Each structure stands twice: as C-alpha cells, then as structure tokens.
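**Student:**
Number of protein chains: 4
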Amino acid sequence: MSGNTFGRAFTVTSCGESHGPALACIVDGCPPGLALAEPDIQHDLERRRPGRSRHVSQRREPDSVRILSGVFEGKTTGTPIGLVIENEDARERDYDALRDRFRPGHADYTYQQKYGVRDHRGSGRASARETAMRVAAGAIARKYLRERVGLSIQGYLAQLGPLVLAPVAIDQVDDNAFFCPDPARVAELEAFMDALRKAGDSVGARVTVIARGVPTGLGEPVFDKLDADIAHAMMGINAVKGVEIGAGFASITQRGSEHRDPLTPTGFTSNNAGGVLGGISTGQDLVVSIALKPTSSLRLPVASIDLEGRPVEVVTTGRHDPCVGLRATPIAEAMLALVLMDHFLRQRAQNGDVRSPTPIITRRM
Amino acid sequence: MSGNTFGRAFTVTSCGESHGPALACIVDGCPPGLALAEPDIQHDLERRRPGRSRHVSQRREPDSVRILSGVFEGKTTGTPIGLVIENEDARERDYDALRDRFRPGHADYTYQQKYGVRDHRGSGRASARETAMRVAAGAIARKYLRERVGLSIQGYLAQLGPLVLAPVAIDQVDDNAFFCPDPARVAELEAFMDALRKAGDSVGARVTVIARGVPTGLGEPVFDKLDADIAHAMMGINAVKGVEIGAGFASITQRGSEHRDPLTPTGFTSNNAGGVLGGISTGQDLVVSIALKPTSSLRLPVASIDLEGRPVEVVTTGRHDPCVGLRATPIAEAMLALVLMDHFLRQRAQNGDVRSPTPIITRRM
Amino acid sequence: MSGNTFGRAFTVTSCGESHGPALACIVDGCPPGLALAEPDIQHDLERRRPGRSRHVSQRREPDSVRILSGVFEGKTTGTPIGLVIENEDARERDYDALRDRFRPGHADYTYQQKYGVRDHRGSGRASARETAMRVAAGAIARKYLRERVGLSIQGYLAQLGPLVLAPVAIDQVDDNAFFCPDPARVAELEAFMDALRKAGDSVGARVTVIARGVPTGLGEPVFDKLDADIAHAMMGINAVKGVEIGAGFASITQRGSEHRDPLTPTGFTSNNAGGVLGGISTGQDLVVSIALKPTSSLRLPVASIDLEGRPVEVVTTGRHDPCVGLRATPIAEAMLALVLMDHFLRQRAQNGDVRSPTPIITRRM
Amino acid sequence: MSGNTFGRAFTVTSCGESHGPALACIVDGCPPGLALAEPDIQHDLERRRPGRSRHVSQRREPDSVRILSGVFEGKTTGTPIGLVIENEDARERDYDALRDRFRPGHADYTYQQKYGVRDHRGSGRASARETAMRVAAGAIARKYLRERVGLSIQGYLAQLGPLVLAPVAIDQVDDNAFFCPDPARVAELEAFMDALRKAGDSVGARVTVIARGVPTGLGEPVFDKLDADIAHAMMGINAVKGVEIGAGFASITQRGSEHRDPLTPTGFTSNNAGGVLGGISTGQDLVVSIALKPTSSLRLPVASIDLEGRPVEVVTTGRHDPCVGLRATPIAEAMLALVLMDHFLRQRAQNGDVRSPTPIITRRM
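Protein chains in written order, with numbering that gives the first Met the number 0: chain A, 0 to 364; chain B, 0 to 364; chain C, 0 to 364; chain D, 0 to 364.
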C-alpha cells in the first residue's frame, strides 16, 4: 500500500534515505539453487555508482553490498535475500539551508504536504540514491534470467538534450561514462556536459533498454499487461516523465498497414510492437524508451516558498548530477529485469504446463 | 497475479469476452454512503459505446449495466458492487475464418502461446470490448471524486494521425463524435476518417486527460508513485504504446532552469511536472498523454501464419474501429479516475490525520 | 484491502447480499485447458443448498449457477471465470422488524458502526448465503486438484453439540442430510435436531476436513504457512470460532516424544502434525477441524438495543438454520480447496523446476 | 507470494536465518510523526530473548536492534523503517550431524522437498529465531496503537502441559520467566520444567492474548474478517497448532441462547464472541488463544531418514527450548498488534469519514 514493495511473485521491498545510516532491501521469491555472492551484485552497483566521472555527482560512496540472508554455501535457498549498503559519505550539513525551504522541481513540497514532516537531507528517500537497491535487486533477477532463461538486457543513452545517439555499438556502452552506444560521439558528449556544468544548468535525456531472449507468453493480458508493468516500473524511476514501448509515440502517425508486424514461419518481419502484443511478450526483442527530465538542483537561483509558505529564493550547491540520465541506464535495466523476472514466475504459476500446437517463431537465445 | 484486478484499496476485478455471454466486474472498497444507481454508470458507458457514429465499430450493443450488489436504498453500503453487461450483438460466425490463423498486430499469437488455447471470436478477452467494465467501474470512482473530493476529469483527442488538435474548447468535447477539443476542426476530422475508411486503412491517435482539483499528497513515493500507477493504468489500455506526464518526452531537450516549476505563495508559475513531484501530487492539474497505435484489423491483406505455423494471408472484415483512439477518451478518463480514487483511499490509510504547517498553495476546487 | 478477494495466484473475488438481486464471483488465475461446465459447479452447490431437509433453513433457492466467461468450447481458457447465481426466494418483508434493531450474536451492530449504514435484509452480506460463491469457486479448484494433481478433499460433521461422531464411514457422508460419517448415528442426530427446533434453540458443531494426495512442498514457510492460510480461510467462514491442524489443542498436553511423527523410508508412522511441518505440506493427509458457534437467530427473546442505542427486545422469526454446522461441510471443503489450489500455483511459480535428491516418502494418489 | 511479507496497509517484510549473518525487516506504512527510537523496540525484544532463565534456550544473543531508516530526529517520517539484528552467538558446528538427516517434527524434510536445498544450521529460516523480527515490528505497531488509539495488548501463559493457569494477576506476567498470570503457581511451573528437562522431554502450552480498547469497526467482513486475519497471524507462529477466538471450541456444545451476547445501552453483558461479530470488532476485549505443540528437538532418540531416504536415528543436542510456549507470549502479542494496526489503517482508508447514528456502547480506553 505504501509502495515500497515491487512485484508480485519476485518482490523487492526497500528502505533507506540518502543521508540516513544505510539502504537496505529484501528480495523475496527468488528460486533456490542460483549461485550468488556479493560480487555478482557489486558489478551492477559499480555501473550506477556516483563519482565515476566528472559528469556525475561527486559523492564518494563505495556502495559495498552485504548479503544478510537467503544464501547458503554460495547458492540461494528460496528464502528471502536481505541486502544492505551502508551510507559512508553523507554530509548532513550541506543541507542545513534547505531545512525550511522547498526546492522547485523536487519532492520537498509534496513530501511535506503528504507526511507533515520530511527528512530534508539530500532529498531523504526521494533521492536517486534510493535506486542503488533497485540495481542490487535487479542484479539478482538479471543473473537468474541470463543463466536460467537465456535472457539478456542492455540499455544505452539514446539522447542527451539535443544530441540523438544511434545504437551503432550497443556492446560497447560500458566502455564510456555515458553509456553512449556510439563511441565516435563520446568526445562530443564530454564537451556538451562540460559546457552545461559551466553554465550551472542541467538537461534531460532519453534512455533505451532492450531485452533479448524474452520467452513468448509473459504478461497478464488485461490490467497487468507486460508493457503496463514495464511502464509502472520505468515511470517509478526518479525523474522519468515518459515511457514508450516499440514504436511508441511515433505510432500516432503510422497507418495500420505499416504498424502491424507480419508473421512468417521464421519470425516477425518488423517490430513496431516492441515485443508485446495484447500485453503478452511475442518473443521478439523487448524495446523500451524513457524520458528523463533535467535535474532541478542548480546553482542558478529560483523562486520558491518556505515551510510557512512565504516567498524565498533557492540556490542549490553541493554534489549533484547535471544530467540524471547519465546514470539512469543501469537503473532502467534493473527495473526491466525485475519486471521480467516477476512475470517469468507468474507465467509459470498459471501456465507452467501449457503446450501449444503452434511452434515458437522467434528464436530463443 | 493473473492481472484481472486493478488497484489496492479501491479495486476492480473484471471478466468477460467479446463474444461470450456477458462482461462483469466487482468493485471493492467503495466508501459507503455514495448515492449510486444504474444511470450514473450508464452515462459514461454511452460515451464509450460502439455504433455512435460511422467512424467507429458498427456493433450494436446497448451496453446496459445492471447493479447486482453493494447498493441499498440508493446508496453504497461499503460492500462490493457487482456490475454486469450482457453481450447482445455477438456474431460468432464473423470470426470462423480466424479460428486457425493469427491476425498480425493482434493478441492472437501471444494468447495462443501463453495459454495453449484461445477464444478466437472477436479477440476474446483481448477485445477493446473489455474496456466497457473499466468505464463502468471508473464511473463510480468519478462520482465519488467529484462529489466528495471536488476532483474532475476531462479528456480529449489531442492528435488524429497527422492532425494535431489544440484544446481550445475542452468543455465541448462531448458535442462531437471524436472528443475533439476544437469544434472548428471537426469537419476536417470527418473528411480524414472518411478517406481512411475508403482506403481500408487505420491510423494512430493521441489522447490527453486532465484531472483538476487533485488533493496535494496523493501517491506512494517509491515504486507506486502516482505517475507510475497512472502509467500502469494507461499502458494497460488496449493499443496504448506510450505514456507521458506533464512535459513528457519534451523534457529531454529542456534545461533544468526551464523545466523546474517555481513555487509562489499563491501557486506554481508553470506545470512542466504535470502535477506530480517525486511521485506525489502537487495539487496542480494532473496532465497525462497517451499514444494509441493504429488498428490492425484491416481489409488490406497481410502475411501471417496459421495454428501449425504455416504461412497464410489474413484479411479482416467485420465491424472494427479504424481508429481506436476515437473511443479511447472515456476509457483513459476512467483509468485515471480509478488510480486517483485508489490513491485517495491509500493516502487516507497512512496519513489520514496528518497536519502540515505549510499552507496548500494550489487552489482546491 | 476490503477483503472480498481470496487468494494470491488463484483468486476469488465475490459480491452479493442475501436479499439483493444476485450473488456473483470472478475466479482469476485458473490454468487453461480444464474441462468445465455449469453442472461441475452445480454438484457442490446442491450439497450446500438450503431446504434440503427439515433441519436447515427452508428458504427455497435453486442456486443455479451461470458461467459468464473464461470457458470456451467446454474448456477454461486462462481468462477469468465469471459466475452468477440469482436470488430467487428473497423475502424482504421478513426483516422489516429488524431494520432498526440489532440481533445479538449477529453482525448487525458491527456493520452499522463500521459503515454507518447496513442492508438489514437477512443480514445482507453477512448472511451465510454469501458462502454459495465460495462453494462455486471451490468446485473449480477441486476439479483441477482432483484431475491434475490427484488430490481429493472430504469433510464431515465430527460433533453436533454434545454428540461426538467418529469417522467410521467417511465415504458415506453424502448419504445423509448431516454429512454424518457414522450412518448408525443418523437417527440420533435427527431426534436431537427435532428436539432442539422444538425448544427454539440452536447448537454448535465441529466439522473436520481431510485432504488426501496433497503434494509435498506446498506452503510459504513464514507468514503464509500452509496452515496459516488454512486458518485464515476457515476462520473467515461465518460462525467459525476455532481452527485446529492435526493434534490441534490436544498437543498442549502432549510430550514432544509423543507428538513428533517419526519418518521411515515408506512414510511417517503417525500424523500429529496433520500434514504440515514448518508451514509446508508433508504429503500426509491434511487434517483440519473447525468449531462453529450456535446460530443466534432464535425465536427466544433476547435483550438488545436499537439504532439510537435504546434498549429493545429481539425475537427472530423466519427461515434459519438451527445449526449452521449442518451445512458447513461443503463450505469448509471449498475453502480448503481454494487454499490448496492457490498454494499449488504459488509453489510452481518459485519452485517449479526444483529437484530434490530425497525421495518423496508419502504415496501420491 | 513467497510469504515473507505480512499485512496490507501496515506491512512487515522480514528475512534472516538462525545461523546466518543477521535478521532484518522492513516495516512499511507506519504513519508519520510517531516518536520512535531503538529502546522502544528493545523492550519487547528483551521479553522474547533466549537465555533469560534456565527453562529456555541458552543461546546468548543480545538481540540489539538497529534502525536503518524511516526515523528522522526521533520521529517516524512515513517512509519504510528498516531494522537489523546481528546474529552474535551462532554455532554452526552444533548442527554438522544434522546436515544429512531430518529431525522429526521439524521443517527439515519439508524445506528439503520444497526447495531442493536447505540451510540445516539451527533450522535456518524455520527457526523460532525468525520471530525476533516479528516482535521488533510488533513493538512499533504496539506503540502507535497505545499512544494514538488507546489500545493495549497483554498475553499470558494459560496452560503448560497439564497445568491450567488462571489469569488472576494479568498485570504481573512480566514478573516471572513464564509469563504466568498466577504468581502463586510459579514455583510449581519451575518444578515441572526442571523435571521435564531432566527427562529430556518437552511439552505443549496454551497462550492467551487480550487486546483492550479496540475500536469498533475493525475487520473486513468476508474473507479478511478480523478474526480470520488473526487466525492467519497466529497459526503462522512456529509450533502453533490451533487458534480460538472468544468461546472457541467450547462454543460447539453451547446453545445459541447461551452463546449470543446481549447488548445493552452500556455495553454487552457477556463476551462469548471474543470481541468480533461478523468479522468486525465489537469494541469489547479481543480474546485469542493458541495451542503450541511440544518442541521436537530432544535428546531422546527417534527414527527418521537421511537425505537419500535411508533409515537413521536422530538425537538432538545443543541449545533448545523444552517448551516453546514459554517464550511465545511476546510473539503472540506482536502478531496481534500487527493485525490490529493493519486493520486500523485499512478501516481508515475505506471508512475514514463514516458517522453512525448509533452510539458506541463499549467504553473506549
């Protein structure tokens, strides 16, 4: 009800504030027998970690994860997996000036009005720091999907402000600090970000995530369509303002004769659907795009109000990301992994023994 | 788990196929004491009904709703409200040719592979006919929100294929068959649709929905953000391929100094956020846009496969909507109502007695 | 949240009042391919139906069930199954005298205080008539469990007031109106009930239900233990005041050396556990007992209050069961079926591909 | 789905094994503004802790709880509360002999068959050590209920094997190691336990819990009746084999004229109902009793099988409770607190603004 649990069959329940003692989560429903140790999770955490380049927050957090339970002699046991990351570089004092005033574009005002009280230090629970546990939990889902289902997930930065990036080398996105899929454009991105930082401003971004090897048949076809649950997962990431599946908003101007993807005995001949028909996976690549708004924490002043509703001016200093989109790729990948893992188990519950006379026309990895 | 229940505190569980005996739903969690009778629900059903103009499906369904329970002497009692709509103009025979072959762009193939069996008549449960129960349940939520919370919801057709429609007269959308917010453009839409029907093709659309008078504080701020739950609700509507909140995908190219909405003692001075910050409603207008793909049921032939995976050609005749977007407005309104009603009750559960020292800066209706 | 949905993977959502238009439910999550038609459900409804003997309520309800959805050409499709039973022998007037006063031992006062309003006709939704939908939904679960899992469920009347009944012929319980497992005692029960009815009083009962052929491994071992979910299911039946598993309350005075059931290569040598260890099914017979309180609707007068809190005397006439326990057997069987079906699917979700080196020591049917 | 989350509106998700690194839980949905610090939780943990007397397990665990999140400047913020207790006195080696064999009466065999693998050290997650997090989470619920609702909860040992204990001094149960409500009987209990320990055997117990000051109207009246959710909570405690509400199993032999509790303008004149009618709280004392089986970990040998299904003899040494009932009182209190807290919030969601014309006849604390 209060929204800190994600999923139905494979669930993640998380807690933790940006400048509190620690972040934690409990992953429930993981099948037993999966080989799992801290380094398996740490790898994805590294990709999300702040301080990796000059273009992201300079907070120094090792983000070392500790497994509390659910693993015995190197394998999952089927019992819930507890994970903890201690906060080590919190600087409460940085936020003293914000205790009594609301930063526009942030959750300050809404938390205050919802709960009557808020932890003002670094946005409290509204901080993007919360996403560390999503990435940690997602790493477990990804490992299972990769090893047991043959499903892989890869995201990339598809647009940085006005700069649209083509996925020419999607396998090399981890080689640069931007998750840029076009190595030739990295220098351009660096220059753009340096200028932006100098101007004290921020910019939005588009991130695209693709899942390959998705089994045909995932998704519950009315309210919990696979794409509906993906939209829920993605729009729940901090700063996301839009979600598309396949052709997305471009489908508005398409004709039906163009949009519908023909079937042949060896597969579909196009993928406007983005891998989902009627809310159920087709077995094609699952293609999801998200829009991230520009960060609102700027050193440029802006009008706002204080705790009593009086007008004030707000200037934000400290350690912030000038483009949250730069670190969003591993988070979006993690959320997609969580949705797919959940639906893999849900599908097995109801339809675990289904046999169809129709052959699967999409190659399974 | 199988996804036919929507919501947590105010829930809708639905059933029914396009050409089965009836559609039904059970609405649970409705507060007691709300005046309710069939005509309250019928009004919204009329707006969604097929056969209202030559531009939509010509199926003749009165869509008469019957209340089975939960209402006593004209008021809700707090017990679940059962609703039934009988299917009266089903024509099973229209679909005999599709029994053994899959229509591209439809859920035929995916239902077959998920369940090993499918009701091929008019898409079975994947038919947009399923949305009648969403509208019926949504009508109850809307009535409560309007009468008890002072919250109103209005949607409109924002784009039909290439034709972008400005919301110049949002209060007149019910006066035409398109939910067009610009009366001067209706003739143009008629001509466009006539040409499209003649060509045997279909087109996509954009629908925008706005909620006014939303209380500040709705939404559970991590996984079940208000906008995340809205995205889930909207992407779960048949044919939807994209969802935006506020500035949506346009926020990619915005600067932070432009996007963030300043606060003043009398309100926000802009609404790029679309009424949500940190997943919690700000009290501003809630602005949601969705992209609907073009219908795939065309009389133009297309390549496909049959039940055994052999190549076939598919031609779809019968009664179909050449643009599902034309009837999507009341459905999107209903889904938004269900999300807001659910979160209104969820907010009351945890924070029913919260008092904040900060004044509400957005005028409540 | 409002509690009209039962289960997680195999769910039943129900609605309907005793003297409203109809009862209905929606069963979601049923695996596809199960042969199903109205008579499969009607059989269990007949066993629960009022008016079958002079010892139960004389209300004349055919309880004819209609399937609205989810079944195509005689088989389930995986989509939700809608069921409706029309109320045909409602007599609103019988309850006019109770409109403004509360019957002790009934839910009248509590409904009034919870909802501020209540449907006073025949207890509204608090009527045992609500259990018809449990039995209908349970019939689907039972059919699946019997045909696909080899699991059978049988209940019986274990005690009627002071009369303790031994399960000497559990296969003959359907041959008498009491679900008595000892045919030689039926005449005694008849005489007891006739005397009770003459006295205008009522009595409690104990019903025992046994499931045979339960797979080893069902149940989620901490909060949703199999026995915990059974206790939830059973205590949720009208009039139930106690639930036991296996040795139950007798285990208080047992020694550990006596209670613990030894394992051998061919099975357990006793069953004090009642088929559950650590919340997980052992594969032995699952044995559940419930205590049902005596009906409170008596023609003997009793002190109470009216709607304004003033003292009144209440006398209940009309059509009532002098022992609700007499009709409780099929209801308890149905609830056990729903729990086992739900856990069968839940187990398949997480552990569908588990292989243990240890042989199953309990014979599977 | 995998059952490690309890509740709907006020939820507890827990993890941790007996001999793993730590136990943890996340409490979600706690209303903001509640004063909370570690000592508030520690107090109840002390009451459950092992090693408090010679009659319970001699494991030395300080059970020091650490709050990770959800509390800011001494008050809850409405965000999830993370709690951790490190395991400090684990002795893995004690269990080496049990790695390949199943202890009768324990969850060893069922975990193995469910998951195909198990953590054999001290029962892993099936250990009663898991209940520490229930008590910790329950302490938060109890504090809220006491301070904001005026509701108090008190349990006691009602029976130890053959010794039935009358609640003559319920306010003094914390003064002895047994939670015995009759101080004059404590010496007798000591002697009984000493003899039992000498015999190497164990015995069952009955624990009764009473909640006072329960608001009228809690409970969702069909499947999630207040008593049904209590039964679920109680039967989910390790070793519980039976649950009763009010008159419980004694109601089998009661007459309706005796069982039904008359209402008067100043209250009910009896409480056979145990505080619940139709699944909704009456406002009277809520009275719940549970039966706990005797511990199965004995040094007396017993027949069993090993991992390959071969016959073996099992002897259990190490640190065990000869009567788990002795430490069950704070656990049962905690579970009752969690159910009541959850239903308090659920009731506020749907019926937060209900006003009934009928006065509340039970005095509120």
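Yeah, the Cβ is synthetic: ideal placement off N, Cα and C, and Gly gets one too.
Predicted model, so just to flag it, every value in this text is computed and none were measured.
(1) Which class does residue 109 of chain A belong to by DSSP, given the choice of helix, strand or coil?
(2) Indicate the three-state DSSP secondary structure (helix, strand or coil) for residue 263 of chain C in the structure shown.
(3) Note down, one range per segment and in chain order, each beta strand (DSSP E) of at least 3 residues found wholly within the stretch 270–332 of chain C.
(4) Report yes if the C-beta distance between residue 144 of chain A and residue 339 of chain A is below 8 angstroms; otherwise report no.
(5) Where does the unbroken alpha helix (DSSP H) through residue 167 of chain C begin, and where does it stop?
(6) If you draw a straight line from the alpha carbon of residue 234 of chain A to that of residue 229 of chain D, how long is it in whole angstroms?
(7) Within 10 Å of its beta-carbon, does residue 303 of chain A have 16 or more other beta-carbons around it, so buried, or fewer, so exposed?
(8) Tell me where the beta strand (DSSP E) around residue 51 of chain A begins and ends.
(9) I'd like the span of the beta strand (DSSP E) that includes residue 240 of chain B, first residue to last.
(10) To which residues of the same chain is residue 158 of chain A closer than 7 angstroms at the C-beta, ignoring the five residues directly before and after it?
(11) Between residue 74 of chain D and the rest of its own chain, which residues show a CB-CB distance below 8 angstroms, the 5 nearest in sequence each way excluded?
(12) With DSSP as the reference, please indicate the residues paired to residue 94 of chain C in a beta bridge.
(13) Can you name the start and end residues of the beta strand (DSSP E) that residue 136 of chain A belongs to?
(14) Look at the Cβ atom of residue 332 of chain D, then the Cβ atom of residue 154 of chain D, and state whether they are nearer than 8 angstroms.
(15) Could you tell me whether the Cβ of residue 350 of chain C comes closer than 8 angstroms to any Cβ of chain A?
(16) Considering only the beta carbon of each residue, do residue 242 of chain D and residue 241 of chain C sit closer than 8 angstroms?
(17) Listed in chain order, which residues of the stretch 57–79 of chain C have Cβ atoms closer than 7 angstroms to some Cβ of chain B?
(18) Taking a Cβ distance cut-off of 9 angstroms, strictly less, list which residues of the stretch 251–279 of chain A are near chain B, in chain order.
(19) Given that a residue counts as buried once 16 or more other Cβ atoms are within 10 Å of its Cβ, and exposed if not, what is residue 363 of chain D?
(20) Given a limit of 7 angstroms on CB to CB distance, which residues of the stretch 31–57 of chain C reach chain B?
(21) Quick check: the stretch 11–21 of chain A against the stretch 129–137 of chain A, are at least 3 beta-carbon pairs closer than 8 angstroms?
(22) Should residue 197 of chain B go down as buried or exposed, given a rule of 16 or more other Cβ atoms within 10 Å for buried?
(23) Which residues in chain B sit within 8 angstroms of residue 205 of chain A, going by Cβ to Cβ distance?
(24) Taking residue 4 of chain C as the reference, which of C:280, C:94 and C:232 has the closest Cα?
(25) In or out: residue 190 of chain C buried (at least 16 other Cβ within 10 Å) or exposed?
(26) On the CB-based measure, 16 or more other CB atoms within 10 Å of its CB, does residue 250 of chain B come out buried or exposed?
(27) Looking at the C-beta of residue 86 of chain C, does it have a partner C-beta in chain D at a distance below 8 angstroms?
(28) By the criterion of Cβ-Cβ separation under 9 angstroms, what are the contact partners of residue 0 of chain C in chain B?
(29) Taking 8 angstroms as the cut-off, does the stretch 208–219 of chain A touch the stretch 64–84 of chain A (at least 3 CB pairs, one atom from each stretch)?
(30) For the beta strand (DSSP E) containing residue 85 of chain C, list its first residue and its last residue.
(31) Around the C-beta of residue 219 of chain D, are 16 or more other C-beta atoms found within 10 angstroms, so that it is buried, or is it exposed?
(32) Please identify the residue among D:269, D:57 and D:168 whose C-alpha is closest to the C-alpha of residue 183 of chain D.
(33) Select from B:222, B:288 and B:259 the residue whose C-alpha is nearest the C-alpha of residue 248 of chain B.
(34) Let me see if you follow: with CB-CB separation under 8 angstroms, is residue 81 of chain D close to chain A or not?
(35) To the nearest angstrom, how far is it from the Cα of residue 49 of chain D to the Cα of residue 325 of chain D?
**Tutor:** The answer reads as follows:
(1) By one-based count along the first sequence, residue 109 of chain A stands at place 110. Here residue 109 of chain A carries a helix assignment [DSSP, helix/strand/coil].
(2) Here the question's residue 263 of chain C lines up with position 264 in the third sequence. Strand.
(3) If we require 3 residues or more, the beta strand (DSSP E) runs fully inside the stretch 270–332 of chain C come out as 285–291, 301–304 and 310–313.
(4) Counting from one through the first sequence, the residue named residue 144 of chain A turns up at place 145. Counting from one through the first sequence, the residue named residue 339 of chain A turns up at place 340. For residue 144 of chain A and residue 339 of chain A, yes; Cβs fall inside 8 angstroms.
(5) Looking up residue 167 of chain C in the third sequence gives position 168. No alpha helix (DSSP H) contains residue 167 of chain C, which DSSP labels as neither H nor E.
(6) Within the first sequence, numbered from 1, the residue matching residue 234 of chain A stands at position 235. Within the fourth sequence, numbered from 1, the residue matching residue 229 of chain D stands at position 230. Roughly 36 angstroms separates the two Cα atoms.
(7) Sequence index remark: in the first sequence, residue 303 of chain A carries index 304 (1-based). Flag for residue 303 of chain A reads buried.
(8) On the first sequence, position 52 is the one that residue 51 of chain A refers to. For residue 51 of chain A, no beta strand (DSSP E) run applies, since DSSP gives it neither H nor E.
(9) Taking the first residue of the second sequence as position 1, residue 240 of chain B is located at position 241. Counting along the chain, the beta strand (DSSP E) containing residue 240 of chain B begins and ends at 239–244.
(10) Here residue 158 of chain A corresponds to residue number 159 of the first sequence, with the count starting at 1. Answer for residue 158 of chain A: 164, 204 and 205, listed in chain order.
(11) In the fourth sequence, the residue the question calls residue 74 of chain D occupies position 75. Excluding residues within five positions, the ones whose Cβ falls inside 8 angstroms are 31, 32, 33, 34 and 35.
(12) Here residue 94 of chain C refers to the residue found at position 95 of the third sequence. As computed with DSSP, residue 94 of chain C is found in no beta bridge at all.
(13) To locate residue 136 of chain A, count along the first sequence from 1; it is residue 137. First-last for residue 136 of chain A: 130–143, but that is the alpha helix (DSSP H), not the beta strand (DSSP E).
(14) Counting from one through the fourth sequence, the residue named residue 332 of chain D turns up at place 333. Counting from one through the fourth sequence, the residue named residue 154 of chain D turns up at place 155. In this structure, residue 332 of chain D sits near residue 154 of chain D, with a CB-CB distance shorter than 8 angstroms.
(15) Stepping through the third sequence from its first residue, residue 350 of chain C is reached at position 351. For residue 350 of chain C, the answer is yes, since a Cβ of chain A falls inside 8 angstroms of its Cβ.
(16) Position 243 of the fourth sequence, counted from the start, is the residue given in the question as residue 242 of chain D. Position 242 of the third sequence, counted from the start, is the residue given in the question as residue 241 of chain C. For residue 242 of chain D and residue 241 of chain C, yes; Cβs fall inside 8 angstroms.
(17) Answer in chain order: 67, 68, 69, 71, 74, 76, 77, 78 and 79.
(18) Identification of residues in the stretch 251–279 of chain A having a C-beta nearer than 9 angstroms to some C-beta of chain B yields 251, 252, 253, 254, 255, 256, 257, 258, 259, 260, 261, 262, 263, 264, 267, 268, 271, 272, 273, 275, 276, 277, 278 and 279, given in sequence order.
(19) Translated into positions along the fourth sequence, residue 363 of chain D becomes position 364. Here the model assigns residue 363 of chain D a pLDDT of 47, short of 50, so the residue's position is not dependable, and the following value carries that caveat. Counting every other CB atom within 10 Å of its CB across the protein chains shown gives residue 363 of chain D a total below 16, marking it as exposed.
(20) Identification of residues in the stretch 31–57 of chain C having a C-beta nearer than 7 angstroms to some C-beta of chain B yields 31 and 32, given in sequence order.
(21) Under the three-pair Cβ rule at 8 angstroms, the stretch 129–137 of chain A counts as touching the stretch 11–21 of chain A.
(22) Taking the first residue of the second sequence as 1, we reach residue 197 of chain B at position 198. Burial call: exposed.
(23) Numbered from 1 along the first sequence, position 206 holds the residue referred to as residue 205 of chain A. Within chain B, the residues near residue 205 of chain A are 248 and 251.
(24) The sequence position of residue 4 of chain C within the third sequence is 5, counting from 1. Per the Cα distances, C:232.
(25) Residue numbering aside, residue 190 of chain C sits at position 191 when the third sequence is read from its first letter. In the assembly as shown, residue 190 of chain C is an exposed residue. Its beta-carbon has fewer than 16 other beta-carbons within 10 Å.
(26) Here residue 250 of chain B is taken as the residue at index 251 of the second sequence, counted from 1. So residue 250 of chain B counts as buried.
(27) Position 87 of the third sequence, counted from the start, is the residue given in the question as residue 86 of chain C. It does not: the Cβ of residue 86 of chain C has no partner Cβ on chain D nearer than 8 angstroms.
(28) Indexing the third sequence from 1 puts residue 0 of chain C at position 1. Near residue 0 of chain C (Cβ distances below 9 angstroms), the residues of chain B are 6, 7, 8, 9, 10, 27, 28, 344, 345 and 348.
(29) The stretch 64–84 of chain A, when compared against the stretch 208–219 of chain A, does not touch it at the 8 angstroms Cβ threshold.
(30) Indexing the third sequence from 1 puts residue 85 of chain C at position 86. Its beta strand (DSSP E) spans residues 80–85.
(31) In the fourth sequence, counting from the first residue as 1, residue 219 of chain D sits at position 220. Residue 219 of chain D should be labelled buried.
(32) On the fourth sequence, position 184 is the one that residue 183 of chain D refers to. Nearest option by C-alpha distance: D:168.
(33) Numbered from its first residue, the second sequence carries residue 248 of chain B at position 249. Considering only alpha carbons, the answer is B:288.
(34) For the purposes of this step, residue 81 of chain D is taken as the residue at position 82 of the fourth sequence. Yes, residue 81 of chain D lies at the interface with chain A (some Cβ there is under 8 angstroms from its Cβ).
(35) As a first step, residue 49 of chain D is located in the fourth sequence; it is residue number 50 there, counting from the start. As a first step, residue 325 of chain D is located in the fourth sequence; it is residue number 326 there, counting from the start. Those two C-alpha atoms are separated by around 10 angstroms.
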